[in-house]
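Comments concern the structure below.
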Amino acid sequence: MSAAWRSPRARVIVGTGIAAVVLFVVAPSVLSSFRLNLLAKFLCLAMVAVGIGLAWGRGGMLVLGQGVFFGLGGYMMAMHLKLEDAGPGGVPDFMTLYGDGVVPGWWEPFRDPVFTLVAIVVLPTVLAALLGLAVFTRRVRGAYFAILSQALAAAFAILLIGQQKVTGGTNGLNGFRSFFGFDLADPVNKKMLYFIAAGTLLVMVLLVRLLMRSRYGELLVAVRDQENRVRFLGYNPAVIKAAAFAVAACFASIGGALFTPIVGIISPADVGVVPSIVFLVGVAIGGRATLLGPVLGAVAVSWAESSLSESFPSFWTYFQGALFIVVVAFLPQGIATLGQVRLRLRVRSQDEAPDEGTAEPPPDEAAEPGASAPSTSGRTA
Amino acid sequence: MDAVISQLFAGLSLGSVLLLAALGLALTFGQMGVINMAHGEFMMAGAYTAFAVQKVVSDAGVSLLVSLVVGFVVGGLLGLILEITLISRMYSRPLDTLLVTFGVALVLQQLARDVFGAPNVDVRAPQWLSGAVQILGVGVPKTRVFILALSILCVVALSLVLKLTPLGRRIRATVQNRDLAETSGVSTRATDRLTFFIGSGVAGVAGVALTLLGSIGPTLGTNYIVDAFLVVVVGGIGQLKGAVIAAFALGLLQATIEYSSTASLAKVLVFVIIVAFLQVRPQGIVSVRTRSLA
C-alpha cells in the first residue's frame, strides 16, 4: 500500500478501469441477453441518479421533478423512432388511430436524427437552466423548490395524458422497430444499445467527478452549506445552482432517450410525480453526496424492484416505503458511508472529542474519501 | 351571464376542495415547516373511514356526520403517530422529512389496497344532499354547496382556535419564537404534537368530504397532495388567510382556463402562472415580515 495508490488520480484511473472491465467485459459475457437488456435499463435510470446526486447531494436542491427531463428526452427519442418507422413523410400509427392522421408541425423536425440528438441534449438543459435561474434568483429554495419541481412533474404527466392525439396518452409511445437504422429485434443491436448506455454512464460519472473536483464543485457545496456566505463573497448562488440543475436535467434527458429504445416504451407512468420521487430512493440509499453511491444505489434498487415486484408486488411497495423511511431517517448519508459512520463513532468514543456544535455531521463528510480532506479543513477554519 | 355564474361556482367549488386539502397543510407545513407527503394519505384514510362507518351506520345522513368526527380523530391519530415516531426526530432536516413521509405514504397506500382492495369504492351520499339548489338561476349540486360550507366552517373554527384559545396562543407563540416560548413555560413539544394532530385531523375531514364527490381509491391522496402544497406555497407561510385566498384564487383560475381550453392544459397554465407569480412575490400572497436573511 504505497502512497501513490491512495492519490485521488490513481483511484480514479483504477476505479474507471475496474468499472469498464465489469461493464464492458464481465457483464456481457456472464448475463443472458434478457438480463443484459434489463441491466441496460437500470443504467439509464442510474444516469438520472448521477444527476440527482450532483443537484441534491452536492447542491442541496431536492429535485422532485426529474421525471420531466427524463420524459422529455424519452419522448423526443420516441418521436424520432416513431417517425423513422413511419418512413419519409409517413404518419406514426397511433396518430391515425387516435387523431386525424396529420403529423403536427412540432413533430416534423424530429424526422432528422441529428436534430433529435441535439435537441435531447440541449432542450432540457436550456429549460432547466432558465427555470432554475428564474426561481433561484428570487430565492425560492428548499421545500418551496422541491414542491415546485414536483408540481412540474405533475403538470407534465397531465399534459401528456391529455394530449393523446400527439403524445399517445396513457399508453405512451411504443412499438419501435428500428433505432437509427438498426433493427431493434436483432439481439446484436440490443447489445449495442447496452454498450452505448454503459459508455454514456461512465462518461457522466467521470464528468461529475471532474465537476466535483473543480472550483465550481467547491462552490456548489459551499452554496449548499452556507448560501448567504457565498453570496456575501461576491458569487451569485442562483447561477451556481441553476448550472447544477441544468446538468442534472441533461443527464436525466439522455437517460430517458436511451431508456426508450432499450425498454421499448415511454409513457406518462415513467415521468409523473411518483416515478420522479422514486428516482431518489436509489440515490438516498447509495449516498447522495458520493460519486458512485447514486449509481450503485439506483442499479441495486431497480434490480431489487424487478426481481421482487413481479413475485410479490404488495411486499415490494412496503419494502420501498420502508427503504425511504429507514435510510433517510436513520442513515441520511446512505449505505456507501456506513463504514465512515462506524469509523467516526469509534474515533469519537476513543478521544471523547467535544461535540462540534452540530448534532448532524455536515453531509459532505460522506464524499469520496480522497476529495473530503481539503473541504473538511476549510470548514473548521 | 349564466355561464359566468356557473363557472364562478365551479371555481368556488374547486377552491373549497383545495382549501380543505390544504388547510391541514397550512398548519403543519405553514406553521411548523414540516413537509408531510403523507397528508394526502391521511385524507385517503378519512375517506375510507367514511366508507367503514357507513358499513356500521346504515343511514347515510347520520353516517356522514359521524364520519366527519371519526375521520378527524383517525386522521389526527395517524398524524400524531407519525409525528412522535418519525417527524419529531427530523425537525432540523425538513427536506428529508419530505422523503420519509413519502415512504409512509407508499406504505399507507399499499395498506389501503390490501385492506379495502384496489378497486374504487363508493360511499352513499345522504338523501338531503342529492339534487341541486338554484342559486342566481344556476343549478348547483347540493354536495358542492355542502363542501363549500364545510371548508368555511373549518377555516372559521381553526382561526377561532388559533386566536382565542390557550392552545392557539401556545401554537402562535411557538411558531413566532420557539426559544422564547419555551423559556416562557410553553411545552413546545406538546404544542407540536397537538398542532400536528389538528392539522392531520383536518385532512381526515377533507377525506370524508371528498367521498361526496365520487368514488374513492387508495391513490385518492396523490391526486390532491401536489395541488394542496401549491396552495400553501402561493398563500404564504404562517397564516391561514393566505391559504384561503390562494385556494379560491387557484380554483377560480383553474375553472376559468378550463372553460376556454381543456382540463389538462388548464393545469399546466396554472402552474406557469404560479411560477410567474412566485417571481413577483416569492413569499406568497400573505407574508410575515421578518428581518432575517431571505
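Residue numbers (this note's numbering), protein chains in the order written: chain L, 1 to 381; chain S, 382 to 675.
No residue lacks a Cβ here, since even glycine has one placed at the ideal position from N, Cα and C.
### Query
Quick one, which residues of the stretch 484 to 504 of chain S are near chain L if we go by CB-CB under 9 Å, in chain order?
So the list reads G484, V485, A486, L487, V488, L489, Q490, Q491, L492, R494 and D495, given in the order they occur along the chain.
### Task
Identify the contact partners of S/L467 in chain L, using a Cβ-Cβ distance below 9 Å as the criterion.
I325 and A329
### Query
Mind checking if S/V398 is an interface residue toward chain L, Cβ cutoff 8 Å exclusive?
no
### Message
According to DSSP, is L/A359 part of a helix, a strand, or is it coil?
### Response
Reliability of the predicted coordinates at L/A359 is poor, the pLDDT of 41 falling under 50, and no value is obtained from them.
### Message
With a threshold of 8 Å between beta carbons, is L/L72 in contact with chain S?
### Response
no
### Query
When DSSP labels each residue in this structure, what does L/A185 get in the three-state scheme?
coil
### Message
The alpha helix (DSSP H) that contains L/V223, what's its start and end?
### Response
R215 to D225
### Task
Could you list which residues in chain L have their beta carbon closer than 7 Å to that of S/V614, in chain order?
Those within 7 Å of S/V614 in chain L are Y144 and I147.
#### Entry: Same chain, Cβ closer than 8 Å to L/L133, neighbours up to 5 away in sequence not counted
For L/L133, where only same-chain residues beyond five positions count, the Cβ hits under 8 Å are A238, V239 and A242.
### Task
Step through the CB atoms of chain S and report whether any lies within less than 8 Å of the CB of L/R229.
no
### One or two residues paired with L/N174 in a DSSP bridge
Partner(s): L/I265.
### Query
Which stretch, first to last residue, makes up the beta strand (DSSP E) that contains S/V521?
V519 to P522
### Task
Within the same chain, show all residues whose beta-carbon is closer than 7 Å to that of S/V519, passing over the 5 residues directly before and after it, in chain order.
D383, I386, S387 and F390
### Task
Would you list the residues sitting across from S/Q388 in a DSSP beta bridge?
Its beta-bridge partners do not exist; DSSP assigns none.
### Query
So with Cβ pairs under 8 Å, would you call S/T643 a contact of chain L?
yes
### Query
How do the stretch 591 to 607 of chain S and the stretch 496 to 513 of chain S stand: do at least 3 beta-carbon pairs fall below 8 Å, yes or no?
yes
### Message
Does the CB of L/T317 have a neighbour CB from chain S at under 8 Å?
### Response
yes
### Task
Determine, using beta carbons only, whether S/V556 and S/P475 come nearer to each other than 8 Å.
Contact flag unset, no.
### Task
Could you check what DSSP says for S/Q620 in three-state terms: helix, strand or coil?
S/Q620: coil per DSSP, three-state reduction.
### Task
Might you give, ordered along the chain, the residues of its own chain that have their beta carbon closer than 8 Å to the beta carbon of L/L64, omitting 5 neighbours on each side?
A146, I147, S149, Q150, A153, V273, S276, I277 and L280
### Query
By the criterion of Cβ-Cβ separation under 9 Å, what are the contact partners of S/T637 in chain L?
The premise fails here: S/T637 is roughly 17 Å from chain L at the closest Cβ pair, so nothing lies under 9 Å.
### Message
Quick check on the burial criterion: 16 or more other C-beta atoms within 10 angstroms. Buried or exposed for L/K190?
### Response
With 16 or more Cβ atoms within 10 Å of its Cβ, L/K190 is classed as buried.
### Alpha-carbon to alpha-carbon, S/S565 and S/I654
43 Å
### Query
Based on Cα-Cα distance, which residue from S/L399, S/Q412 and S/L404 lies nearest to S/R559?
The alpha carbon of S/R559 has as its nearest neighbour, out of S/L399, S/Q412 and S/L404, the alpha carbon of S/Q412.
### Task
Determine which residues share a DSSP beta bridge with S/I513 and list them.
According to the sequence provided, residue 513 of chain S is Ala. The question's Ile does not apply to it. According to DSSP, which records beta bridges pairwise, S/A513 is partnered with S/P522.
### Query
Is there contact here, the stretch 401 to 409 of chain S with the stretch 608 to 620 of chain S, by at least three beta-carbon pairs under 8 Å?
yes
### Query
Can you name the residues of chain L whose CB is closer than 7 Å to the CB of S/P599?
Ordered by position in chain L, no residue passes the 7 Å Cβ test against S/P599, which lies about 10 Å from the chain.
### Inter-stretch contact at 8 Å, needing at least 3 Cβ pairs: the stretch 616 to 624 of chain S / the stretch 477 to 484 of chain S
no
### Query
Taking 8 Å as the CB-CB limit, is S/T603 close to chain B?
The chain labelled as chain B is not found among the protein chains of the depicted structure, namely L and S.
### Task
Closer than 9 Å, Cβ to Cβ, to anything on chain S: give me those residues from the stretch 159 to 185 of chain L, in chain order.
L159, L160, I161, G162 and Q163
### Query
With a cut-off of 8 Å, does the C-beta of S/F416 fall near any C-beta of chain L?
Note that residue 416 of chain S is Ile in the sequence shown, not Phe. Yes, because at least one Cβ of chain L sits closer than 8 Å to the Cβ of S/I416.
### Message
So the candidates are L/V271, L/D270, L/A269 and L/V299; which of them puts its Cα closest to the Cα of L/V283?
### Response
L/V299
#### Entry: Nonlocal neighbours in the same chain, by C-beta distance under 7 Å from L/P268, ignoring five residues either side
A157, L160, I161, T170 and G172, listed in sequence order.
### Message
Would S/F432 pass as an interface residue toward chain L - the criterion being a Cβ-Cβ separation below 8 Å?
### Response
Judged by the 8 Å Cβ criterion, S/F432 is not in contact with chain L.
### Query
Taking 8 Å as the CB-CB limit, is L/Q66 close to chain S?
Cβ-Cβ to chain S under 8 Å: no for L/Q66.
### Message
For S/L443, would you say it is in contact with chain L, using Cβ-to-Cβ distances shorter than 8 Å as the test?
### Response
Here residue 443 of chain S turns out to be Val, not Leu, going by the sequence shown. So, not an interface residue.
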